[in-house]
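Novice: I am attaching a structure below and will ask some questions about it afterwards.
Protein chains: 2
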Amino acid sequence: MSNPRQPGPEAMAESLHSAAIHLLRKLRRADSASGLNAPRLSALSVIVFGGPLTLGQLAAAEQVRPPTMTRIVQALEAKGLVKKVANPEDRRTIHLSATMKGKRVMVEARERRVRSLAKQVGQLSREEQRTVRAAIGLMEGIIEGL
Amino acid sequence: MSNPRQPGPEAMAESLHSAAIHLLRKLRRADSASGLNAPRLSALSVIVFGGPLTLGQLAAAEQVRPPTMTRIVQALEAKGLVKKVANPEDRRTIHLSATMKGKRVMVEARERRVRSLAKQVGQLSREEQRTVRAAIGLMEGIIEGL
DNA sequence: TTCCTTTCGTTAGCTGAGCTAATGATTTAG
DNA sequence: CTAAATCATTAGCTCAGCTAACGAAAGGAA
Chain V
-15 MSNPRQPGPE AMAESLHSAA IHLLRKLRRA DSASGLNAPR LSALSVIVFG
35 GPLTLGQLAA AEQVRPPTMT RIVQALEAKG LVKKVANPED RRTIHLSATM
85 KGKRVMVEAR ERRVRSLAKQ VGQLSREEQR TVRAAIGLME GIIEGL
Chain G
-15 MSNPRQPGPE AMAESLHSAA IHLLRKLRRA DSASGLNAPR LSALSVIVFG
35 GPLTLGQLAA AEQVRPPTMT RIVQALEAKG LVKKVANPED RRTIHLSATM
85 KGKRVMVEAR ERRVRSLAKQ VGQLSREEQR TVRAAIGLME GIIEGL
């Protein structure tokens, strides 16, 4: 029989919400070296792995409005991490792709940024890691469905 | 034998990072009604549940610098959700406590804010919920240790 | 063709979170 | 009683996020 004190969906949602806030606040300062904060790093990694894509597609993938993405891309471009390529088929759009430097910097920054987090994860037992791994998959589905 | 394709701590850390970003971005717009966004709601709930506490304690609890918390508290105070009470024992500090309105608004806003998330959680199977519940506990420990 | 409409990205202008540095007020140590 | 430490605030910055408005390009209808 299950413990009646077990938190229900409401309490779990609050915990997830709170955990997300605190996790990001902790990781925020983790990579001051490269000047890549969470939004920029996230956008860059989508560009690196998602191949050339338009600004609108990138904004949609990152779930932000186009103007927001415009400025993130401008910052990445100013650092020479991303380049815009004209699209001859539709000249309203631009194709965003990562430069060599962009790919390298992304990998390094990402590594730096999640290093401490990975370290903590690595200290969990095998069984605990299995639990977290399973939960990540479930949470991604949850987020998707929001 | 474990599946060699299973993501290691590094990949799990990246997934957690990404999930936190996307979760908060989705929840951000969830409670435009009350004007309580994530940082304010989080701070208010600490005040409500954490009883009277000083600004510095609140900033520490929220893992933020005092100036940041000063402005969050000012906003909450302007809305009549929080009141400052002089501390006769140390007049440098202030004691923050929630007003009646603050308590009510917090409960309502929090409910609204996590409603869709709780709904998604509620749609998981019993076993899946158990997994997520266990993972939340582990993740809180991970965040603590960062 | 020439308009009209839609779509894409950008610009302008706003709110708000986060930081550091500096200040004023108070407490505590010497 | 003076000096140092502590607490909150103010000032001033970067950056994320939004809406509204706009120009450029594409596409459809007359």
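Residue numbers (my numbering), protein chains in the order written: chain V, -15 to 130; chain G, -15 to 130.
In this text, a Cβ means the ideal position worked out from N, Cα and C, and glycines have one as well.
These figures come from a predicted structure and were not determined experimentally.
1. How would you label residue 104 of chain V, buried or exposed, when you count the other beta carbons within 10 angstroms and need 16 or more for buried?
2. Please confirm whether residue 32 of chain V has its beta-carbon closer than 7 Å to some beta-carbon of chain G.
3. Just to confirm, are residue 10 of chain G and residue 130 of chain V a CB contact at a threshold of 7 Å?
4. Could you compute how far the alpha carbon of residue -14 of chain G sits from the alpha carbon of residue 110 of chain V?
5. Would residue 4 of chain V and residue 7 of chain G be called neighbours here (beta carbons separated by less than 7 Å)?
6. As an exercise, report each continuous beta strand (DSSP E) stretch of at least 3 residues that is fully enclosed by the region 46 to 98 of chain V, in chain order.
7. In its own chain, which residues sit with a C-beta less than 8 Å from the C-beta of residue 66 of chain V, not counting the 5 before and 5 after it?
8. My understanding is that residue 102 of chain V touches residue 118 of chain G, with C-beta atoms under 8 Å, so please give their C-beta distance in whole angstroms.
9. What three-state label does DSSP hand residue 131 of chain G in the structure shown?
10. Am I right that residue 53 of chain V and residue 43 of chain V are in contact with their C-beta atoms under 8 Å? What's the rounded C-beta distance?
11. Tell me, please, which residues DSSP counts as bridged to residue 37 of chain V.
12. Relative to the C-alpha of residue 36 of chain G, which candidate in G:100, G:71, G:99 has its C-alpha closest?
13. Which two residues bound the contiguous alpha helix (DSSP H) that contains residue 7 of chain G?
14. Take residue -8 of chain G as the anchor and find which of V:12, V:22, V:76, V:115 has the nearest alpha-carbon.
15. Going along chain G, which residues have a C-beta under 8 Å from residue 93 of chain V?
16. Is the shortest distance between the beta-carbon of residue 115 of chain G and the beta-carbons of chain V less than 7 Å?
17. Out of V:49, V:-1, V:0, which one is the CA nearest neighbour of residue 23 of chain V?
18. Measuring only the C-alpha atoms, how far is residue 0 of chain V from residue 94 of chain G?
19. Whole angstroms is fine: what's the gap from residue 126 of chain V's alpha carbon to residue 39 of chain G's?
20. Drop a sphere of 10 angstroms on the beta-carbon of residue 108 of chain G, count the other beta-carbons inside from all chains shown, and report buried for 16 or more, exposed for fewer.
21. Am I right that residue 162 of chain G and residue 89 of chain G are in contact with their C-beta atoms under 8 Å? What's the rounded C-beta distance?
22. Please return the same chain residues whose Cβ sits closer than 6 Å to the Cβ of residue 128 of chain V, not counting the five positions on each side in sequence.
23. Measuring straight from C-alpha to C-alpha, what distance separates residue 100 of chain G and residue 34 of chain V?
24. Name the chain V residues that come within less than 8 Å of residue 100 of chain G, Cβ to Cβ?
Specialist: On the basis of the coordinates in this document:
1. Mapped onto the first sequence, residue 104 of chain V falls at position 120. With 16 or more Cβ atoms within 10 Å of its Cβ, residue 104 of chain V is classed as buried.
2. The residue you call residue 32 of chain V lines up with position 48 of the first sequence. No, because no Cβ of chain G sits closer than 7 Å to the Cβ of residue 32 of chain V.
3. In the second sequence, residue 10 of chain G corresponds to position 26, counting from 1. In the first sequence, residue 130 of chain V corresponds to position 146, counting from 1. For residue 10 of chain G and residue 130 of chain V, yes; Cβs fall inside 7 Å.
4. Start at 1 with the first residue of the second sequence, and residue -14 of chain G comes out as number 2. Start at 1 with the first residue of the first sequence, and residue 110 of chain V comes out as number 126. Note on residue -14 of chain G: pLDDT 47, under 50, position unreliable in the model; the coordinate value appears next. Spanning the two alpha carbons is a distance of roughly 10 Å.
5. Translated into the one-based positions of the first sequence, residue 4 of chain V becomes position 20. Translated into the one-based positions of the second sequence, residue 7 of chain G becomes position 23. Yes, the pair counts as a contact, with Cβ atoms nearer than the cut-off.
6. 66 to 70, 78 to 82
7. For the purposes of this step, residue 66 of chain V is identified with residue 82 of the first sequence, where counting begins at 1. 28, 31, 57, 60, 80, 81, 82, 83, 86, listed in sequence order.
8. Taking the first residue of the first sequence as 1, we reach residue 102 of chain V at position 118. Taking the first residue of the second sequence as 1, we reach residue 118 of chain G at position 134. 20 Å between Cβ atoms; not a contact.
9. Examination of residue 131 of chain G is not possible in this model, given that chain G is present from -15 through 130 alone.
10. Locating residue 53 of chain V in the first sequence gives position 69, counting from the first residue. Locating residue 43 of chain V in the first sequence gives position 59, counting from the first residue. Contact holds; Cβ gap of about 4 Å.
11. For the purposes of this step, residue 37 of chain V is taken as residue 53 along the first sequence, with counting starting at 1. Its beta-bridge partners are V:80.
12. Sequence index remark: in the second sequence, residue 36 of chain G carries index 52 (1-based). Per the Cα distances, G:71.
13. Taking the first residue of the second sequence as 1, we reach residue 7 of chain G at position 23. It spans -7 to 12 - the alpha helix (DSSP H) in which residue 7 of chain G sits, taken as one unbroken run.
14. The residue given as residue -8 of chain G occupies position 8 in the second sequence. The candidate whose alpha carbon is nearest that of residue -8 of chain G is V:115.
15. Start at 1 with the first residue of the first sequence, and residue 93 of chain V comes out as number 109. Here the premise fails: no neighbours, minimum Cβ distance about 12 Å.
16. The residue labelled residue 115 of chain G in the question sits at position 131 within the second sequence. Taking Cβ atoms only, chain V reaches closer than 7 Å to residue 115 of chain G, which makes this a yes.
17. In the first sequence, counting from the first residue as 1, residue 23 of chain V sits at position 39. Comparing Cα-Cα distances from residue 23 of chain V to each of V:49, V:-1, V:0, the minimum goes to V:49.
18. The residue given as residue 0 of chain V occupies position 16 in the first sequence. The residue given as residue 94 of chain G occupies position 110 in the second sequence. Going from the Cα of residue 0 of chain V to the Cα of residue 94 of chain G covers about 13 Å.
19. Your numbering for residue 126 of chain V matches position 142 in the first sequence. Your numbering for residue 39 of chain G matches position 55 in the second sequence. Near 35 Å, if we compare the C-alpha coordinates of residue 39 of chain G and residue 126 of chain V.
20. What you label residue 108 of chain G is simply residue 124 of the second sequence in a count that begins at 1. Buried is the call here.
21. Absent from the model: residue 162 of chain G. The displayed extent of chain G is -15 to 130, so no value can be given.
22. The residue given as residue 128 of chain V occupies position 144 in the first sequence. Counting only Cβ-Cβ distances below 6 Å, and skipping sequence neighbours, we find nothing.
23. Taking the second sequence and counting its residues from 1, the one referred to as residue 100 of chain G is at position 116. Taking the first sequence and counting its residues from 1, the one referred to as residue 34 of chain V is at position 50. The alpha-carbon atoms of residue 100 of chain G and residue 34 of chain V are separated by roughly 29 Å.
24. Working through the second sequence from its first residue, we reach residue 100 of chain G at position 116. Result: 130.
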